[in-house]
Amino acid sequence: MNKSGYGIIGLALGICAVLTGTVALAVVSVLQGFIYLIVALVSGILITFVFCSKCPITDTCVHIIPGLLARAWPRRSGPYSRFDLVAVAILFAIIILPPQIALFTLPGTFGFFWICLSTAAILANRFLCPGCKNRFCPMKKGK
Ligand code: SF4
């Protein structure tokens, strides 16, 4: 499989995790589920502004959608500042943390959520990070 295949699978797994969190929260309260979905979507879009808009390879982004969104933002020049990296970490935390209690109480969903995210992270680490041309990325491996 080429890198785009792994990139698309990784993005799909991330979307599956968010939708699982949405369902778990919606079982508690439909409004909570809806708010989480919107907040996760906005956080994901903001990640493309903070992180992807500095990426030198948006034209060939293996995840496709982040690259498209990044090209719509004003171009920012690298490398990433400490503020960029802290902001991205906070945005990921905003996506990952809110549904945890609801996931824990809805059978099967907690494990599924973390299997999706872990698989996406392992695929990225194993197949996408090595040789990635985003020279500014702190997780970059190799040349
Ligand atoms: S390759 Fe670049 S544009 Fe695509 S997700 Fe990674 S940082 Fe964002």
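Sequential numbering from -1 applies to the sequence shown in the numbering used here.
Ideal Cβ placement from N, Cα and C applies to all residues, glycine included.
Here the structure is a predicted model, which means the values were calculated and not measured.
Practice task
Check whether the Cβ of Cys14 sits closer than 7 angstroms to any heavy atom of ligand 1, and report yes or no.
Solution key: On the sequence shown, position 16 is the one that residue 14 refers to. Every heavy atom of ligand 1 is 7 angstroms or more from the Cβ of Cys14, so no.
Problem - Three-state secondary structure (DSSP) of Pro128 - result: Against the sequence shown, residue 128 aligns to sequence position 130. Of the three classes helix, strand and coil, the one that applies to Pro128 here is strand, per DSSP.
Practice task
Write down the C-beta distance between Cys53 and Leu67 rounded to the nearest angstrom, noting that I regard them as a contact closer than 8 angstroms.
Solution key: Taking the first residue of the sequence shown as 1, we reach residue 53 at position 55. Taking the first residue of the sequence shown as 1, we reach residue 67 at position 69. That belief does not hold up - the Cβ atoms of Cys53 and Leu67 are roughly 11 angstroms apart, past 8 angstroms.
Exercise for the section: Could you spell out where the alpha helix (DSSP H) holding Thr56 opens and where it closes? Expected result: Here residue 56 refers to the residue found at position 58 when the sequence shown is read from its first residue. Run containing Thr56: none; DSSP gives neither H nor E here.
Practice task
Report the rounded CA-to-CA distance for Ile6 versus Ser27, giving the unit in angstroms.
Solution key: Residue 6 sits at position 8 when you count from the first residue of the sequence shown. Residue 27 sits at position 29 when you count from the first residue of the sequence shown. Their Cα atoms are separated by approximately 31 angstroms.
Problem - Given 8 angstroms, three or more beta-carbon pairs between the stretch 103 to 121 and the stretch 73 to 92 - result: no
Handout entry: Delimiting residues of the alpha helix (DSSP H) encompassing Lys1
Key = Start at 1 with the first residue of the sequence shown, and residue 1 comes out as number 3. Where Lys1 is concerned, the enclosing alpha helix (DSSP H) stretches over Lys1 to Val26.
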